[in-house]
Amino acid sequence: MGLNIVLLVLSTIVLYNGAEGIMCHRCYSAMGGCGDELNWWMFPWKDCGDSRFCVKVIEKVGSDHTIIRECENNLLKTTKHRLQMPGLRRHGYCLPARKNSGSSPLTVEDPNIQYCFCNDWNGCNSASGLSVRILPVSLVAVLVTMFISKFI
């Protein structure tokens, strides 16, 4: 019985530590393979440390658009993104940038720049992909550990 508890506690600690940080794609559309469709072989996930979100920034300039894929905490280090990033940040939200213009104080959003936030799986700021939730994966891992521990 004591071994079961030890295995359960260890698996919980491992799962908790593994789910703490998020890893994101970090690239700009000027780099080949980082446009609308992301070549994830060229831009593997990078550890984002204490960042809560992966961010995809889409900026339209005329008929062209640029894409930035980055960790939230790295974008907040630059004044431009710190001033423009929407205050409301939730998984799955794509929101227009804040407009900080003295010439038009009544216009509060810039529809040409959009920030998309995600944090449900590593690399979620790619163009598309399958979503894996951490809770079901954690539950299955704990159940498998408990099942295996009965035979040890």
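In mature numbering (1 follows the signal peptide of the UniProt record, and there is no 0), the protein residues as written are -21 to -1, 1 to 131.
By construction, the Cβ of each residue, glycine as well, lies at the ideal position given by its N, Cα and C atoms.
From a predicted model like this one, the values you see are computed outputs, not experimental measurements.
Query raised in the report: Would you say the region 27 to 37 touches the region 52 to 71, given that touching needs at least three Cβ pairs under 8 Å?
Result: yes
Requested in this report: Can you give me the Cβ contacts of His60 inside the same chain, cut-off strictly under 8 Å, excluding the 5 residues immediately before and after it?
Outcome: Val36, Leu54
Query - Alpha-carbon to alpha-carbon, Thr86 and Ile46 - result: 24 Å
Query raised in the report: To which residues of the same chain is Glu49 closer than 6 Å at the C-beta, ignoring the five residues directly before and after it?
Result: Arg5, Val34
**Report entry** Lys78, DSSP secondary structure in three states
**Finding:** coil
Query - Under 8 Å between C-beta atoms of Gln63 and Arg77 - result: yes
Query raised in the report: By Cβ distance below 6 Å, which residues in the same chain neighbour Asn18 in space, the five residues on each side in sequence not counted?
Result: Gly12
Report task. Would you kindly check if the distance between the Cβ of Asn79 and the Cβ of Ile1 is under 8 Å? Result -> no
Query raised in the report: Beta carbon of Trp24, beta carbon of Cys3: below 8 Å?
Result: yes
Query - Same chain only: Cβ atoms within 6 Å of Lys129, ignoring 5 sequence neighbours per side - result: none
Requested in this report: Taking only the alpha-carbon atoms, compute the straight-line gap between Thr124 and Asn52 and give it to the nearest angstrom.
Outcome: 35 Å
**Report entry** From Leu74, Gly41, Tyr7, Lys39, residue whose alpha carbon lies closest to that of Glu88
**Finding:** Leu74
Requested in this report: Spatial neighbours of Phe96 within its chain, please: CB distance less than 7 Å, with the 5 preceding and 5 following residues excluded, ordered by chain position.
Outcome: Phe32, Val34, Arg68, Arg69, His70, Tyr72
Report task. Take Ser8 and list the residues in its own chain whose beta-carbon comes closer than 6 Å to its own, dropping the five residues that flank it on each side. Result -> Gly14, Thr45, Ile46
Query raised in the report: Which of the three DSSP states, helix, strand or coil, is assigned to Asn52?
Result: helix
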